[in-house]
Amino acid sequence: MKFRVVIYVIKLGVLCSGRGTDLQSIIDAIKRGDLNAEISVVITDKPNVPALERAEKAGIKNICVDRKNFADRADFETELLKNLEGVDLVVLAGFMRILSPNFVRRYEGRLMNIHPSLLPSFPGAHAHRDALNFGVKISGCTVHFVDEGTDSGPIILQAAVEVHEDDTEETLSARILEQEHIIYPQAIKLFVEGRLKIVGRQVKILEV
Ligand code: GAR
Numbered sequence: 779m780k781f782r783v784v785i786y787v788i789k790l791g792v793l794c795s796g797r798g799t800d801l802q803s804i805i806d807a808i809k810r811g812d813l814n815a816e817i818s819v820v821i822t823d824k825p826n827v828p829a830l831e832r833a834e835k836a837g838i839k840n841i842c843v844d845r846k847n848f849a850d851r852a853d854f855e856t857e858l859l860k861n862l863e864g865v866d867l868v869v870l871a872g873f874m875r876i877l878s879p880n881f882v883r884r885y886e887g888r889l890m891n892i893h894p895s896l897l898p899s900f901p902g903a904h905a906h907r908d909a910l911n912f913g914v915k916i917s918g919c920t921v922h923f924v925d926e927g928t929d930s931g932p933i934i935l936q937a938a939v940e941v942h943e944d945d946t947e948e949t950l951s952a953r954i955l956e957q958e959h960i961i962y963p964q965a966i967k968l969f970v971e972g973r974l975k976i977v978g979r980q981v982k983i984l985e986v
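In the working numbering, the protein residues as written are 779 to 986.
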């Protein structure tokens, strides 16, 4: 009797808006063999952004779904969903748009985001500026599942970063970004290994 072992590889769909360094950290983790997953598609909401080039260079299917070409968010998201068909986990990597409750529900428990602050502090589009203005001594980054609020979903991993007296948005964001590039692939790896269990607001990390 012959056995055939079929190993299923988790498929990621990565959504980006610009530079794509978080995307790059995921591409690199897969290349190094640290993350057993496959990026099926990279989608951006803007044309000619570096994230598209990074995907192209890595031989990954990449598509721009230009928000400007759609009358409303519903039409835009219909096109996103079409291009995400077959994807197991949607990864928001610097995707600077709020997704509708309809989209979020569709991928409940399978939609992750990274945010450059220690949530629940400083949600929104200006996390570094808000952290500096508030005068916190420690900031950092958070990987979380996306829920229907803004940066409010169950937290998977966080990394802390010291804020220096002479920090600017640029210097602080550069140090936080280094941590983002470590914890995002780690969080995805935990998902791939089936080790994340959402219990209410909490994410339990299961032992192997
Ligand atoms: C990252 O700092 C990420 O945390 C942030 O955008 C940057 C994207 O950088 N995301 C958000 O602020 C989402 N609210 P990248 O394009 O180089 O990956």
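Yeah, the Cβ is synthetic: ideal placement off N, Cα and C, and Gly gets one too.
Query, Result
"Contact with chain B by G918, beta-carbon distance below 8 angstroms", "Annotation note: the requested chain B is absent from the structure, which comprises a single protein chain."
"Contacts around D925, its chain only, beta-carbon distance under 6 angstroms, and the 5 residues preceding and following it disregarded", "G931"
"Distance CB(G918)-CB(A938) smaller than 8 angstroms", "yes"
"Residue range of the unbroken beta strand (DSSP E) whose run includes S917", "916-923"
"Rounded C-alpha distance that separates A836 from G872", "18 angstroms"
"Near the ligand GAR: T799 beta-carbon under 7 angstroms from a heavy atom", "yes"
"Which residues DSSP lists as bridging T822, in chain order", "C794, C842"
"Alpha carbon of P901 to alpha carbon of D800, nearest angstrom", "18 angstroms"
"E816 (DSSP reduced to helix, strand or coil)", "strand"
"Neighbour-count burial assignment, T946, 16 or more Cβ in a 10 Å radius", "exposed"
"Counted within 10 angstroms of its Cβ, other Cβ atoms place L877 as buried (16 or more) or exposed", "buried"
"Segment contact, 8 angstroms Cβ cut-off, at least three pairs: the region 951-968 with the region 794-810", "yes"
"Sequence-distant residues of the same chain with beta carbon closer than 6 angstroms to L830, five excluded per side", "T822, N840"
"Contact check, L896 vs T920, beta carbons under 8 angstroms", "yes"
"One or two residues paired with M890 in a DSSP bridge", "V869, F923"
"Helix, strand or coil at V941 according to DSSP, with G and I counted as helix", "coil"
"Residues sharing a beta bridge with V827, DSSP", "Answer is none; V827 lacks a bridge partner."
"Collapsed DSSP secondary structure at I933 in the structure displayed", "strand"
"H942 burial status per 10 Å Cβ neighbour count (16 or more: buried)", "exposed"
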